[in-house]
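Sequence positions in the sequence shown follow mature numbering (1 follows the signal peptide of the UniProt record, and there is no 0) and run -30 to -1, 1 to 769.
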Amino acid sequence: LSRHPMVEYWTSRFCRLLFFCLLVFGSIHALNGVYELDLKMPGKMPSKDEEYLCYGIKVEQPGYITEFIPIAEVSRVHHMIVFGAMINDNAPGSVWRCEGSLGVPSAKILYAWARNAPALKMPNGVGVPISGSSTVNYLILQMHYNLKFIGSVLDYSGVTMKVTSNHPNYVAGVYILYADGSVSIPPKISEFPMNISCAVEENVIIHPFAYRTHAHSLGRIITGYKYRGNKWTLIGKGNPQWPQWFYPVKDKITITRGDTIAAQCIFDSTSRRNTTKIGAHGMDEMCNFYMYYFVELKHLDVLEDFSSCGSSADESLFSQYPADANKPLPPNPVFERQAKMVAERFGPELIDDWLQSLDVAIGQISGIAIDADDNVLIFHRGPRIWDEQSFDLDNMYLQQDKGPIRNDTVLVISPTGKLLKRWGGGLFYMPHGIFVDHKKKLWLTDVALHQVFRFDFESSMEELILGKRFIPGGNLESFCKPAAVAVSKDDLVFVADGYCNSRVMKFSYDGKFLQVIDLYSIQGHRNAFDYMQVVHSLAINDEKQELLVTDRENSRLVIFKFNGTLSGFIKEKHMHGAIYGITYCPKMNVFYVINNQLARETVAPVEIRVFAFESESYRLLYSFKPDNFVCLDYYYNFVVVDFKNTHSIACSLNCSNIYISHGLPNTLLKFNIHAISSPVHVEENADNANLLMESSNELSMFDSHTFYTTIILCMVAAIILAMAVAAVMVGCRVLHRRQGSSSNKDRSNHPLLKNSKWRQGFQPLSTEDIDAVDYTSDDSDDREDLLYSSSQMKKTSDL
């Protein structure tokens, strides 16, 4: 049947029509496309305290920003600002110092972040224009680093922006009121006001929807008001010692020509002996009130003119300033804890002498694990070495005649370096992976035996063996050099299999085979990277039900769900070479990765570093490496070592200590991460939120031009699809007639025809007027609730 000429004819015709149809639908998808744009430091470190660094990118295509997602943490970054600019004369890809002057003409603020503030979403139907008809051809990131880091830390902090290519009905901009430095703060005053005001000259309707306050350590209260006809209308009131995010404007306000916008900052200088000036450093002060607003798309030019106010205030106006402006907001311990500035320098300290009292000769350390008491377990090979004489071309172990390693291969070491337990002598031939599960069971892999073992942690008694002794294989009962094992809290056992089979094997806790997880079996992935080259290390994220896999020789991480579906890949441009080890710390919601040289000899050497990723979004946060260090080799000689022969990694329960195995000489490095902190994020709790914004109707996200264009394209696509379906039906009828087998079945039972939505066809979007705008993003009710009362918080992204 497959070779019938009519089948081939109509199949070819259908494929051509289908291809063209997909192109049309692809155009619609691109039209409605939302993409992410990263503006991040390209791996830089401050060279001194109180340093401002800037980095810029060119905007390649027109769009509208709908969300700003910060990738920063208060232990590393004091604050950061995103500017939009028409030109940028700095060299592409360069980072320049920008204290005092941005170094870019006519730049305007698009976003600002400080004190662990969360993401900012635009209201529905509102976007920040970039490129195209706007004047934002470049995006500039200004980063203020308060303190120089410890050691060689490279920072990748910045902002991810969600961008739509569709034209919204409304465009947004930032209006900032700021103190210009003409007034200083005298010492020993509990309430010193600083006032700013400007008259509005724009003859359009301006809609404020969010505000942000910014000051340094002396700031206590910052307020912003609209003034007109002896009436004061509150725009926003904030405590600058809290997370400096954009809070939603409480009521719907409109601003236009004839209004005055005023802001006041209250400072407490009782702790200072000298006058404090307005300036860029942490010991200086700032008085900033940011107001995010939107206008109709046709008034795009307003965004250029209505952007800042740095004028001295009309003091006669401030004699009438509302008395409530001086009243502090209620205490909020949650906010105060989240936004607390860090006085300690951030960075890793290498603990050189932590194993000096350990009277044990350590061989090649193939695996590291942490138990429930925060002790470190290492799996090492004693005097045995894995080299080119260890295996033949069929992965058979060639040195069985040497017998198992006589040394104790498992060492349990306290965080202070004290040896607590040792065992494993006479059991293993070529140790590799080690894992301690939630039931205090110890899992081990041996690449020479091609087996996986489970032991009772306390008694060291063997409980389970998977695989065939000394027999490599690729079936469901065998492994080939299994490299690692990891166990979830719901008793799923994952084995990295490993050096030969390019797969992960999933078992039940009692050893029953459940599933093969690889890239071959996943539909839609048929290219050069369909297979994993050396599945070397595993990490478990129980909360997300995800398995993180190091695809060593493909220089990437592969992320699977526990059920075997593919979540995605991480191939970070700053992380080169082979990806050897990974460890996840749920307390901070961060995972650490260690790289090494690729096995291919033709590849140039790469720099070895530890990379820290945020596990919710998989974004790279920072990386570090030690300088040359001194350690004891296998024969107890002190040697100077370069950081280059890394293999495995683990972190302590509180994420502050990181352990890395290093070869030649063989040692276990310990790093203490200073100033590591746990920012908390608002727990979404609609039942308890104060719903200060009542509007729930949404604007249409697209303007009429985009709307009608979409309709036309959809109609064209529908016609083409109908033609394709008709062609197939005619072809099938002809074929059936030629075969003498026509069908009289009732097609009204087809599942597509039973679907009421299918029969309804395209449903156009409705466009509401300005009164129906929902000024809030999805999380703004929670933010406003927390602004006026303490609420429960949830640790979701503790960096």
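We put the CB at the ideal spot given by N, CA and C, even for glycine.
Integer-rounded CB distance, given that residue j should sit under 8 Å from residue i
{"i": "S618", "j": "G337", "result": "5 Å"}
{"i": "T230", "j": "I175", "result": "That pair is no contact at about 16 Å."}
{"i": "F361", "j": "L414", "result": "At roughly 19 Å, the Cβ-Cβ gap does not stay under 8 Å, so F361 and L414 are not in contact."}
{"i": "T36", "j": "T134", "result": "6 Å"}
{"i": "R46", "j": "A309", "result": "In fact, because the Cβ distance is near 15 Å, the residues do not count as touching under 8 Å."}
{"i": "H184", "j": "M256", "result": "6 Å"}
{"i": "G13", "j": "L124", "result": "4 Å"}
{"i": "L638", "j": "I335", "result": "6 Å"}
Residues bridged to residue i [DSSP beta-bridge criterion]
{"i": "Y554", "result": "F561"}
{"i": "residue 843", "result": "There is simply no residue 843 to check, as the chain begins at -30 and stops at 769 in what is shown."}
{"i": "K638", "result": "Note on residue identity: the sequence assigns Leu, not Lys, to residue 638. Per DSSP, S631."}
{"i": "I540", "result": "L527"}
{"i": "R182", "result": "Y260"}
{"i": "N165", "result": "Q234"}
{"i": "R473", "result": "D467"}
{"i": "R227", "result": "R227 pairs with nothing; no bridge assigned."}
{"i": "M50", "result": "W83 and M113"}
{"i": "N566", "result": "A548"}
{"i": "R589", "result": "E584"}
{"i": "T203", "result": "K196"}
{"i": "D371", "result": "For D371, which the question treats as bridged, DSSP gives no partner whatsoever."}
{"i": "F38", "result": "L90 and M131"}
Run of the alpha helix (DSSP H) containing residue i, from where it starts to where it stops
{"i": "E21", "result": "Looking at the DSSP string, E21 is not in any alpha helix (DSSP H); the run it does join, the beta strand (DSSP E), is E21 to K28."}
{"i": "L484", "result": "Note, L484: premise wrong, no alpha helix (DSSP H); beta strand (DSSP E) at F483 to I487."}
{"i": "residue 771", "result": "Outside the displayed span of the chain (-30 to 769) sits residue 771, for which this structure offers no information."}
{"i": "P575", "result": "Counting along the chain, P575 falls outside any alpha helix (DSSP H), and DSSP gives it neither H nor E."}
{"i": "A309", "result": "P303 to A309"}
{"i": "E314", "result": "Element bounds for E314: n/a, residue is neither H nor E."}
{"i": "F288", "result": "E285 to F288"}
The ligand ATP heavy atom lying under 7 Å from the CB of residue i
{"i": "Y629", "result": "Of ligands this structure carries none, so the ligand ATP is not represented either."}
Same chain, Cβ closer than 6 Å to residue i, five either side skipped, listed in chain order
{"i": "T676", "result": "Residue placement at T676 cannot be trusted, given a pLDDT of 41 that sits under 50; the coordinates are not used to answer."}
{"i": "R424", "result": "K411, W413, E433 and L434"}
{"i": "D597", "result": "none"}
{"i": "E664", "result": "Any reading at E664 must be qualified, since the residue scores a pLDDT of 26, below 50, and its modelled position is unreliable; no value is offered."}
{"i": "K514", "result": "none"}
{"i": "P32", "result": "S101 and G102"}
Other residues of its chain near residue i: CB distance less than 8 Å, five sequence neighbours each side excluded
{"i": "D322", "result": "F599, V600 and C601"}
{"i": "S478", "result": "D461, L462, V463 and L484"}
{"i": "T535", "result": "I492"}
{"i": "M50", "result": "P40, A42, A82, W83, A84, L111, Q112, M113, H114, S127, G128 and V129"}
{"i": "E6", "result": "T130, M131, K132 and V133"}
{"i": "R392", "result": "V330, D378, V380, L381 and V382"}
{"i": "N345", "result": "V382, I383, S384, P385 and L390"}
Extent of the continuous beta strand (DSSP E) run through residue i
{"i": "S507", "result": "V505 to N511"}
{"i": "E274", "result": "Here E274 belongs to no beta strand (DSSP E); instead the alpha helix (DSSP H) covers V272 to D275."}
{"i": "F423", "result": "Q421 to D426"}
{"i": "residue 772", "result": "The shown model of the chain, from -30 to 769, leaves out residue 772, and the question about it has no answer."}
{"i": "W413", "result": "K411 to D416"}
{"i": "H251", "result": "Neither: H251 is in no beta strand (DSSP E) and is coded neither H nor E."}
{"i": "G13", "result": "Looking at the DSSP string, G13 is not in any beta strand (DSSP E), and its letter there is neither H nor E."}
{"i": "C625", "result": "It is not in any beta strand (DSSP E) - C625 carries neither H nor E in the DSSP assignment."}
{"i": "A454", "result": "A454 to V457"}
{"i": "F608", "result": "F608 to V611"}
{"i": "K196", "result": "G189 to R198"}
{"i": "F361", "result": "Neither: F361 is in no beta strand (DSSP E) and is coded neither H nor E."}
{"i": "W324", "result": "W324 -> no beta strand (DSSP E), and no H or E assigned at all."}
{"i": "W393", "result": "L389 to W393"}
{"i": "A339", "result": "I335 to I340"}
{"i": "W66", "result": "V65 to R67"}
Same chain, Cβ closer than 7 Å to residue i, five either side skipped, listed in chain order
{"i": "K18", "result": "K118"}
{"i": "G396", "result": "P374 and R376"}
{"i": "V272", "result": "E172, V174 and V265"}
{"i": "S674", "result": "Legend: pLDDT at S674 = 37, less than 50; position of this residue unreliable, value from coordinates given subsequently. Correct list: empty, nothing qualifies."}
Can you confirm whether the segment 185 to 205 touches the segment 274 to 283 when touching is taken to mean that 3 or more C-beta pairs between the two stretches lie within less than 8 Å? no
Given 8 Å as the limit, is there contact between the segment 565 to 572 and the segment 146 to 158, that is, 3 or more CB pairs closer than that? no
Count the C-beta pairs between the segment 233 to 241 and the segment 214 to 224 that are closer than 8 Å, then say yes if the count reaches three, no if not. no
Is the segment 549 to 563 touching the segment 521 to 532, taking contact as three or more C-beta pairs under 8 Å? yes
Is the segment 19 to 31 in contact with the segment 65 to 83, if contact means three or more CB pairs nearer than 8 Å? yes
When the Cβ atoms of the segment 154 to 167 are set against those of the segment 109 to 129, are three or more pairs found closer than 8 Å? no
At least three beta-carbon pairs within less than 8 Å, the segment 292 to 307 to the segment 621 to 635: no
Taking 8 Å as the cut-off, does the segment 501 to 508 touch the segment 468 to 477 (at least 3 CB pairs, one atom from each stretch)? yes
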